[in-house]
Structures are given as structure tokens and as C-alpha cells.
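J.: With our numbering applied, the sequence shown corresponds to residues 1017 to 1097, in that order.
Cβ coordinates follow ideal geometry from the N, Cα and C atoms, glycine included.
These numbers come from a predicted model, not from an experiment.
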Amino acid sequence: MGKDPKVQKEANDLIAKFLAGNKNPGLRTGTKNLFKNISYLRGEEGARVFFRMEKGEMVILAKANKHNEQAVIDVLTKLYK
């Protein structure tokens, strides 16, 4: 996530909204599917939260910002695809 507290707060807010029932918090494009059962939330300040749902619970796999988003996607692809 880096050292930007604004981006970390945004990631926390995205997670809270998602868990409260808003399945498309953040950017207008909503929650995006990365591959298989892995999706991610995207915020306007650059926060990215990669997750999957297991037994009705959100399992957070990674957090990123817009600048390191692709590097995190590359790691998740190696691990889970």
C-alpha cells in the first residue's frame, strides 16, 4: 500500500462498504473479477483490495495502490491461476 495513509484509509473503507452489503464500492466500474474466484475493489485514490469469497467470508489476498497494481496482479497470477 505504501506510506500514503489516504490510500490505506480508502482500502479500509472499501472493505467496510463491501462487507456492509455494497458489492460495488469505489470506482464506477465496480468490483472487477481478476480471474477464477479472485476479484478486486478499486478506489478513486488508488487503493486496490484483492480478495476471494470462501464460505460467505471475504478473504483478503493482497492490498495495493494504483502504482504497484500490476506487480501485485503478477504475483497473484503466479500463485492462484
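Out of S1055, E1060, Q1086, N1084, point me to the one whose CA is closest to K1022's CA.
T.: On the sequence shown, position 6 is the one that residue 1022 refers to. Among S1055, E1060, Q1086, N1084, the Cα nearest to that of K1022 is on E1060.
J.: How would you write the range of the beta strand (DSSP E) that A1080 sits in, first residue to last?
T.: The residue labelled residue 1080 in the question sits at position 64 within the sequence shown. Counting along the chain, the beta strand (DSSP E) containing A1080 begins and ends at 1073-1080.
J.: Nearest-angstrom Cα distance between P1041 and T1047?
T.: Here residue 1041 refers to the residue found at position 25 when the sequence shown is read from its first residue. Here residue 1047 refers to the residue found at position 31 when the sequence shown is read from its first residue. Straight-line Cα distance between these residues: approximately 7 Å.
J.: With a Cβ-Cβ cutoff of 7 Å, do F1067 and M1074 count as a contact?
T.: On the sequence shown, residue 1067 is found 51 positions in, with the first residue counted as 1. On the sequence shown, residue 1074 is found 58 positions in, with the first residue counted as 1. It is a contact, given that the beta carbons lie within the stated cut-off.
J.: Look at the alpha carbon of E1085 and the alpha carbon of G1037, and state the distance between them as a whole number of angstroms.
T.: Numbered from its first residue, the sequence shown carries residue 1085 at position 69. Numbered from its first residue, the sequence shown carries residue 1037 at position 21. Near 25 Å, if we compare the C-alpha coordinates of G1037 and E1085.
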